[in-house]
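Terminal number for the sequence shown in my numbering: 650, no gaps in between.
What follows is a single structure, written as structure tokens, with notes after it.
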Amino acid sequence: MDGANDSVVSDFVLIGLSNSWEMHLFLFWFFSVIMGNSLIMLTVTSDPHLHSPMYFLLANLSFTDLGISSVISPRMIYDLFRKRKVIAFGGCIAQIFFIHVIGGVEMVLLIAMVFVRYVAICKPLHYLTVMNQKMCILLSVAAWIIGLAHSVIQLVFVIKLPFCGPNVLDSFYCDFPRFIKLACTDTSSLEFMVIANSGFISLGSFFILIVSYISILITVWKHSSGGSSKALSTLSTHVMVVILFFGPCIFVYIWPHPTSHLDKYLAVFDAVLTPFLNSLIYTFRNKEMKVAMRKVLCEIYLYQDVNLLICCKKSEHGLTY
């Protein structure tokens with residue numbers, strides 16, 4: 330490389346995915362994510378029965394899912410129409426920054442949600458005292474601060490890397506493991522930093538969540554009552570979200586030396602399918618959300634179909650707390 334230290338690569342080529350059906354699939358998925366998570370936020374905001382800590386955090390989770398969709402999906406869909414998929418260096422850095430900010434926020438929100446569930450089930454007498462509006466706002470602010478710190482700590486060491494050779498990323502978006510491998514310098518210390526920051530934090534958070542759910546399950550089994558089935562249903566929903574979110578993250582960042590395309594498709598699952606599945610899981614596994622969403626949809630289309638008045642009446646009647 331003639332000892333050059335200055336970057337000469339100004340953009341990167343994304344290999345992406347290559348099947349012809351992807352355009353229809355991603356377009357369907359993108360608009361489904363937008364509509365689903367927007368509806369969740371609108372429902373939680375407009376329905377006073379859902380103004381509780383868990384639904385407040387759920388609305389924040391839907392907002393982060395919209396964020397990850399906005400960072401990755403538009404570019405991915407745009408690239409489906411182009412034969413040569415090129416992203417500028419600045420755009421690549423921006424994508425990495427926002428992906429890790431939002432990923433860090435979602436990680437903290439999932440921990441906050443299990444904390445709320447733990448207090449509600451294991452310490453019910455202290456629930457109203459502990460989980461007040463101030464605590465909800467504090468958890469939300471802490472999530473964004475941690476997300477920003479998580480992203481900036483890694484990016485500050487990567488942004489000045491020299492790129493003077495290959496510029497082809499075997500992925501559909503920019504991220505640390507494959508990005509730093511293109512630098513024309515020794516990146517072994519940076520690879521370890523990515524493992525320590527993204528990998529071990531993901532792994533540690535996953536174990537914290539699993540231990541918390543085990544504690545909650547033990548409490549539910551010890552105090553079996555009429556509401557235990559509902560609690561178990563809610564817990565199973567949260568466990569599904571945790572596995573879907575942390576599983577691919579742990580593999581991609583704990584093993585940042587890709588030898589196959591497995592990590593690439595796990596990244597697809599984590600960045601593309603998880604935001605879509607989150608909205609489905611929290612909607613179809615939650616009776617209160619389903620009833621409240623029907624009410625919101627009825628109010629939106631109230632003047633377009635008189636028959637929907639019946640739907641609204643049923644929704645209002647079904648909201649018994």
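From the three backbone atoms N, C-alpha and C, an ideal C-beta is built for every residue, glycine too.
Kindly indicate which residue of the options has the alpha-carbon position closest to the one of residue i.
i      : options                           : result
Ser500 : Asn389, Val523, Leu390 and Gln424 : Gln424
Ser534 : Ile440, Val342 and Leu371         : Ile440
Ile537 : Val549, His552, Ser402 and Phe575 : Phe575
Phe418 : Ser469, Ala512 and Val625         : Ala512
Asn526 : Tyr582, Asp515, Asp599 and Glu628 : Tyr582
Met618 : Met364, Met370 and Thr516         : Met370
Ser391 : Lys414, Trp584, Val342 and Ser469 : Ser469
Phe360 : Gly433, Leu602 and Leu386         : Leu602
Gly528 : Lys551, His552, Gln483 and Ala388 : Gln483
Leu282 : Gly420, Lys624 and Thr612         : Limits of the chain in this structure are 330 at one end and 650 at the other, which puts residue 282 out of reach.
Arg665 : Trp550, Gly432 and Asn496         : No information on residue 665 is available, as it lies outside the stretch 330 to 650 that the chain covers here.
Val487 : Gly432, Leu454 and Phe521         : Phe521
Ser402 : Glu628, Trp584, Pro453 and Phe598 : Phe598
His552 : Pro453, Leu467 and Gly494         : Pro453
Where does residue i fall in DSSP's three states?
i      : result
Ile416 : strand
Val342 : strand
Leu511 : coil
Ser480 : helix
Asp331 : Only weak support exists for where Asp331 lies, its pLDDT of 44 falling under 50; the coordinates are left without a value.
Thr588 : Unreliable placement is indicated for Thr588, whose pLDDT of 49 sits below 50; no coordinate value is reported for it.
Leu498 : strand
Pro403 : helix
Asp504 : coil
Met618 : helix
Asp376 : coil
His552 : coil
Phe492 : coil
Lys452 : coil
Thr516 : coil
Ser381 : coil
Asn461 : coil
Arg651 : There is no way to answer for residue 651, as the model of the chain reaches only from 330 to 650.
Arg623 : helix
Taking a contact to mean a Cβ-Cβ separation below 9 angstroms, would you say residue i touches residue j in this structure?
i      : j      : result
Ile545 : Val571 : no
Pro382 : Met436 : no
Asp394 : Val362 : yes
Ile422 : Asp504 : no
Ala621 : His380 : no
Ser608 : Leu368 : yes
Val400 : Val342 : no
Cys579 : Ser518 : Correcting the residue identity first, residue 579 is Ile in this sequence and not Cys. No.
Leu564 : Pro577 : no
Val523 : Trp473 : no
Leu561 : Leu606 : no
Met364 : Tyr502 : no
Lys616 : Asp376 : no
What does a CB cutoff of less than 8 angstroms around residue i pick up in its chain, not counting 5 residues either side in sequence?
i      : result
Thr588 : Residue placement at Thr588 cannot be trusted, given a pLDDT of 49 that sits under 50; what the coordinates show is reported in the next sentence. Taken in chain order, the list of residues that qualify is empty.
Tyr447 : Ser541, Ser544 and Ile545
Pro604 : Val362, Asn366, Asp394, Leu395, Ile397 and Ser398
Arg507 : Leu498, Asp499, Ser500 and Pro587
Thr548 : Ile450 and Cys451
Quick one: residues in its chain with C-beta nearer than 7 angstroms to the C-beta of residue i, no 5 flanking neighbours on either side, listed in chain order?
i      : result
Val430 : Gly476, Leu477 and Ser480
Thr514 : Leu490 and Pro491
Val443 : Leu538, Ser541, Tyr542 and His567
Lys463 : none
Met569 : Ile610
Val445 : Pro382, Met383, Leu386 and Met460
For residue i, write down the residues that DSSP places opposite it in a beta bridge.
i      : result
Val581 : According to DSSP, Val581 bridges with nothing at all.
Suppose the cutoff is 6 angstroms on Cβ atoms and the five residues either side in sequence are ignored; what does the same chain contact list for residue i look like?
i      : result
Tyr384 : Val373
Thr516 : Ile509
Cys465 : Pro382 and Phe385
Phe426 : Ser480 and Leu484
Leu457 : none
Gly432 : none
Asn389 : Leu438 and Ser469
Quick check: is any heavy atom of the ligand MN less than 8 angstroms from the C-beta of residue i?
i      : result
Phe508 : Absence of the ligand MN is noted for the structure shown, with no ligands found whatsoever.
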